[in-house]
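Participant: Dumping the structure here so I can ask a few things about it.
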Amino acid sequence: MLTFVVRRLLLAVPVLLGVVFVVMLTVDLLPGDAVTLMLGEHATKDAVAKLRDHLGLDKPFLVRYLEYVGRVARGDLGRSIQQNRPVVSELADTWPATLQLTVAALVLAAGAGILAGVASAVWPNSVFDALARLGSLFGLSMPIFWTGLVLIVVFSLWLNWLPVGGAGSLAHLILPAVTLALPSVAMISRMTRAAVLDVLREDYVRTARAKGVGELWVLGRHALRNAFIPILTLLGLQSGQLMGGAVLTETVFAWPGLGRLMVKAIFARDYILLQGAVLVFALAFVVINLLVDLSYGLLDPRIGRQG
Amino acid sequence: MRPTLRSRFLTGCLVLAVAAALVPAADAQKRGGTLTIVRPTDPVSLDPNLETTAPGAWVYFNMLEGLLTLDDKMQVKPLLATSYEVMSPTKVRFKLRPGVKFHDGTPFNAAAVKFTFDRALRGTPPARWASLAGSLDGAEVVDDLTVDVVTREPYGPILRTLAMYCMGMVSPTAVQKMGADFSRAPVGTGPFKFVEWKTNTHVIIERNPDYWGDRALVDRVVFKVVPEEGARMIALQTGDADMVLFPSPAQLPALRKDPKFTVHETTGIRVVFVGLHAGMPPLDDVRVRQALLHAVDRKAILDNIMEGSAGPALGVLAPGVFGFKDMHLDRLYPFDRAKAKALLAQAGWTPGSDGIMVKGGQRLSLSWLAARGRYPKDGEITEAIQAMFKEVGVEAKVQVLEWAAVFQQLRGATFNHHVFTLGWVTSNADADYSLYALFHSKQAPPTGWNTSRYANARVDALVEQARRSLNQTEREKLYGEVQDIVAKEMVWIPVYTTKEIIVSRANVKGFHIHPVEYNLTLSKTWIDK
Chain E
2 MLTFVVRRLL
12 LAVPVLLGVV
22 FVVMLTVDLL
32 PGDAVTLMLG
42 EHATKDAVAK
52 LRDHLGLDKP
62 FLVRYLEYVG
72 RVARGDLGRS
82 IQQNRPVVSE
92 LADTWPATLQ
102 LTVAALVLAA
112 GAGILAGVAS
122 AVWPNSVFDA
132 LARLGSLFGL
142 SMPIFWTGLV
152 LIVVFSLWLN
162 WLPVGGAGSL
172 AHLILPAVTL
182 ALPSVAMISR
192 MTRAAVLDVL
202 REDYVRTARA
212 KGVGELWVLG
222 RHALRNAFIP
232 ILTLLGLQSG
242 QLMGGAVLTE
252 TVFAWPGLGR
262 LMVKAIFARD
272 YILLQGAVLV
282 FALAFVVINL
292 LVDLSYGLLD
302 PRIGRQG
Chain C
1319 MRPTLRSRFL
1329 TGCLVLAVAA
1339 ALVPAADAQK
1349 RGGTLTIVRP
1359 TDPVSLDPNL
1369 ETTAPGAWVY
1379 FNMLEGLLTL
1389 DDKMQVKPLL
1399 ATSYEVMSPT
1409 KVRFKLRPGV
1419 KFHDGTPFNA
1429 AAVKFTFDRA
1439 LRGTPPARWA
1449 SLAGSLDGAE
1459 VVDDLTVDVV
1469 TREPYGPILR
1479 TLAMYCMGMV
1489 SPTAVQKMGA
1499 DFSRAPVGTG
1509 PFKFVEWKTN
1519 THVIIERNPD
1529 YWGDRALVDR
1539 VVFKVVPEEG
1549 ARMIALQTGD
1559 ADMVLFPSPA
1569 QLPALRKDPK
1579 FTVHETTGIR
1589 VVFVGLHAGM
1599 PPLDDVRVRQ
1609 ALLHAVDRKA
1619 ILDNIMEGSA
1629 GPALGVLAPG
1639 VFGFKDMHLD
1649 RLYPFDRAKA
1659 KALLAQAGWT
1669 PGSDGIMVKG
1679 GQRLSLSWLA
1689 ARGRYPKDGE
1699 ITEAIQAMFK
1709 EVGVEAKVQV
1719 LEWAAVFQQL
1729 RGATFNHHVF
1739 TLGWVTSNAD
1749 ADYSLYALFH
1759 SKQAPPTGWN
1769 TSRYANARVD
1779 ALVEQARRSL
1789 NQTEREKLYG
1799 EVQDIVAKEM
1809 VWIPVYTTKE
1819 IIVSRANVKG
1829 FHIHPVEYNL
1839 TLSKTWIDK
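Going down the list, the protein sequences come from chains E and C. First residue of the first sequence: 2, per this note's numbering; consecutive thereafter. First residue of the second sequence: 1319, per this note's numbering; consecutive thereafter.
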């Protein structure tokens, strides 16, 4: 078990190296550079050259990459190009907000999605099932910035129940978490419905019912537990989706998280800051999927023994 | 000649006092309360050394003060200096306001002025604003309240340079004590002082109770970040915000009619134009360029595309800029397709089989580089003018690229397009900044911004002379002559002058919008509860 965890964590190293490489290369290929953006369009050639030199931006791409990797290996994420502030402080300021938002959205998505999915599976083709399907279609198709604005108009402007944006209280969290969770609720409920329906057709479910086990017990003990493996896999993948969605949600709701920091870094071509933020996202994704893999063993002992 | 700002300033005060006595005050000013402002982005920094763009400038402009400032009529006014005297072509002596203290208690004096300029101009790297400051070289202490500002060479725009929003004086003690942290909590002499900055959430400033002048009316100002345009407008409607910077243009017509809101607007200092490459045939023929100006219906663009969100372009400079002269473009180049075709005919172009003009087997086809979304409605304008060119038999092949890519090509030593869409701000509000960098023949990129490759020896001589002179009356005359010459040989089709627009709730009083977007003065603003 421990070797499994260690091996998986070591595998994350090349993944992160690759992520940094791709991000850095993308920023490098983007037209426009940090110095021009900092000094403005009217800056003299001389001033631009001086600042480029000062920031080390005139070094070749590979040299900058290796230097960066070397520093990260020593635990130094560098200083942001634009603000000359340690990237670590920028990340420390913003990641709790993003964690709060994604966890809230994940809990909402898992709770609502699984409940709706199970209900749809238990009463397939009922009115509820039809509504849930329609709702899922809606949740999946509507872009986050659109649903976000609609929710703001309804709950902030018309009903005046919730704040327009910003962070600070639980009330501030409700709208962004719901907005972010909606597409995932749709995915999870669809997946749960299919998985539970599959299991309910299994022989052991029929056997359980035949020996007189109550319907709730059949669902909870036999059906759900077995249907949970694909649902859990999806939850792991959805957490990545949620982190991506957080970028949009944070923008719409002025939520002070990592996503907004990343957008800011992209617009400023601040590759040092951007890489720091992407590293956090990538690491979070790796860890979540590791946790998902580990929990398979808890749900299905056969998987654990093979690992 | 010893022009003093003080005498002009005092006359101004007297006129104001008389006016105030004659007109009964419409509203009694109320003190107190918090003014909440929403804007799209967080500052890069609150230190002008590191930040010259609006998100930071809006905030620090209320905390840091320079020697001079520009009022909302774009006139130079004393701030921390009370008078000035030109000592030599490279030296201007300033008397400083006595009894002024920085927010940390440090006295403001000549040493602080020298410290501020040394830090900005000799630091590594130099301040972000150093390249806006021309040949400003620093300051020399004469006595505690007298300072000489020196330039490397005679530099006429020095006054307006010192009046720029980013020339605020910083407390030497605070800079030395705080080090890098200063950029997040600056210490100046202004009517507001720093309270808190939560990254990507808000910056809070509060009234400076020890301010040397009229104290600010509101207790606090909270600058909130709301990136989404729609959400900003909703925040204004729910009362979560009192003021919106960068309001949604689409909502302005409705907001103007709504008594719950006040739309503050004024003509800005950016001119958006279509540039013509005069070094590249067939645009090296002035008649072809003039024909293109006659072919464009600029009023239709203002009415139908800009819909009141911009003002007419009166020349290559905006009216608020020192040295501006109206080029009377409507008289020189009225929209007249027959005239355009006649000029093209004079230049030897005749209509071809498909309606496009030809000359010696060559079609009149222009390559045009443009971005979309860099300036308000730039894409729509490019398309509209492309269609207008076609009406007089000129084909334009437009290549739309991302702004950064357009920028790179514009800055290159060679530019391979006939036409480009661009906007230009006269950052220090002095004609030198634009007429020198854009029309001097030696200022072709990558040195300057003469992307049109305009070349006229007389213009070169005039802008050089005006840069060296410290006699502002003479400079104004020289720039007038430059604009008269340029108007006859146009290398631009000026399209519009930007408007600065801010929307507030109707109970926000006493706010005056400034032509320079960064100059957001909040000390006279109050809230009528």
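Virtual Cβ for every residue (Gly too), placed ideally from N, Cα, C. Since the model is a prediction, treat every value here as computed from it, not as a measurement.
(1) By how many angstroms is the C-alpha of C:ALA1534 removed from the C-alpha of C:PRO1342?
(2) E:VAL279 by DSSP, collapsed to three states: which one?
(3) Nearest to C:ARG1538 by CA position, among C:LEU1386, C:ALA1596 and C:ARG1525, is which residue?
(4) Taking only beta-carbon atoms, is E:VAL21 less than 8 Å away from chain C?
(5) So does the stretch 1657-1677 of chain C actually touch the stretch 1697-1717 of chain C, counting three or more Cβ pairs closer than 8 Å?
(6) Whole angstroms are fine: how far does the CA of C:TRP1742 sit from the CA of C:ARG1616?
(7) If you measure from the beta carbon of C:PHE1829 to each beta carbon in chain E, is any gap under 8 Å?
(8) Counting only runs that start and end within the stretch 1682-1759 of chain C, where is the beta strand (DSSP E) found for 3 or more residues in a row?
(9) Evaluate C:GLN1569 with the Cβ neighbour count: other Cβ atoms within 10 Å of its Cβ, from every protein chain shown; 16 or more gives buried, anything less gives exposed.
(10) Have a look at the DSSP bridge pairing and note the partners of E:GLN239.
(11) Provide the residue(s) that pair with C:HIS1582 in DSSP beta bridges, ordered along the chain.
(12) Under three-state DSSP, which class holds C:MET1487?
(13) Just mark C:ALA1339 as buried or exposed, buried being the case when its beta carbon has 16 or more other beta carbons within 10 Å.
(14) Report the rounded CA-to-CA distance for E:ASP294 versus E:ARG226, giving the unit in angstroms.
(15) With 16 as the cutoff for other CB atoms within 10 Å, does C:GLN1664 come out buried or exposed?
(16) Using only alpha-carbon positions, find the residue among C:ILE1831, C:VAL1834 and C:LYS1847 that is nearest to C:ASN1825.
(17) Between the alpha carbons of C:THR1434 and C:PHE1420, how many angstroms are there, rounded?
(18) Looking at chain E, is there any beta carbon in it that lies within less than 8 Å of the beta carbon of C:GLU1782?
(19) What would DSSP say about C:HIS1832, mapped onto helix, strand or coil?
(20) For E:THR329, would you say it is in contact with chain C, using Cβ-to-Cβ distances shorter than 8 Å as the test?
(21) Have a look at C:PRO1308 and C:TRP1530 and give me their C-alpha separation to the nearest angstrom.
(22) Would the stretch 1829-1836 of chain C and the stretch 1578-1592 of chain C be scored as touching if the rule is three or more Cβ pairs under 8 Å?
(23) Would you kindly report the start and end of the unbroken beta strand (DSSP E) that includes C:VAL1543?
(24) Which residues bound the alpha helix (DSSP H) around C:TYR1378?
(25) Whole angstroms are fine: how far does the CA of E:THR193 sit from the CA of E:VAL119?
(26) Give the secondary structure of C:LYS1680 by DSSP, where H, G and I count as helix, E and B as strand, and everything else as coil.
(27) So what's C:PHE1591 in DSSP terms, helix, strand or just coil?
(28) Around the Cβ of C:LEU1684, are there at least 16 other Cβ atoms within 10 angstroms (buried) or fewer (exposed)?
(29) Since C:GLY1384 contacts C:LEU1398 with CB under 8 Å, what's their CB separation in whole angstroms?
(30) Give me the Cα-Cα distance between E:HIS173 and E:ALA283, rounded to the nearest whole angstrom.
(31) With 16 as the cutoff for other CB atoms within 10 Å, does C:THR1352 come out buried or exposed?
(32) For a test of the three-state rule: what should DSSP assign to C:SER1841, helix, strand or coil?
(33) In chain order, what residues of the stretch 255-272 of chain E put their CB closer than 9 Å to some CB of chain C?
(34) With distances taken Cα to Cα, identify the nearest neighbour of C:ALA1445 among E:VAL7, E:THR180 and E:THR45.
Facilitator: Checking against the coordinates, here is how it stands:
(1) Low local confidence applies: a pLDDT of 45 at C:PRO1342 is under 50, so the model's placement there is unreliable, and no value is given.
(2) helix
(3) C:ARG1525
(4) no
(5) yes
(6) 18 Å
(7) no
(8) 1683-1688, 1713-1718 and 1737-1743
(9) buried
(10) Partner(s): none; E:GLN239 has no beta bridge.
(11) C:ILE1820
(12) coil
(13) Low confidence applies to C:ALA1339: its pLDDT is 46, below 50, so where it sits in the model is not reliable enough to give any reading.
(14) 16 Å
(15) exposed
(16) C:LYS1847
(17) 13 Å
(18) no
(19) coil
(20) No information on residue 329 of chain E is available, as it lies outside the stretch 2 to 308 that chain E covers here.
(21) Only positions 1319 to 1847 of chain C appear in the structure, and residue 1308 of chain C is not among them; the question remains open.
(22) yes
(23) 1538-1543
(24) 1372-1378
(25) 6 Å
(26) A small correction: the amino acid at residue 1680 of chain C is Gln; Lys does not occupy that position in the sequence shown. Here C:GLN1680 sits in strand by DSSP.
(27) strand
(28) buried
(29) 7 Å
(30) 27 Å
(31) exposed
(32) coil
(33) ALA255, TRP256, PRO257, GLY258, ARG261, LEU262, VAL264, LYS265, PHE268, ALA269 and ARG270
(34) E:THR45
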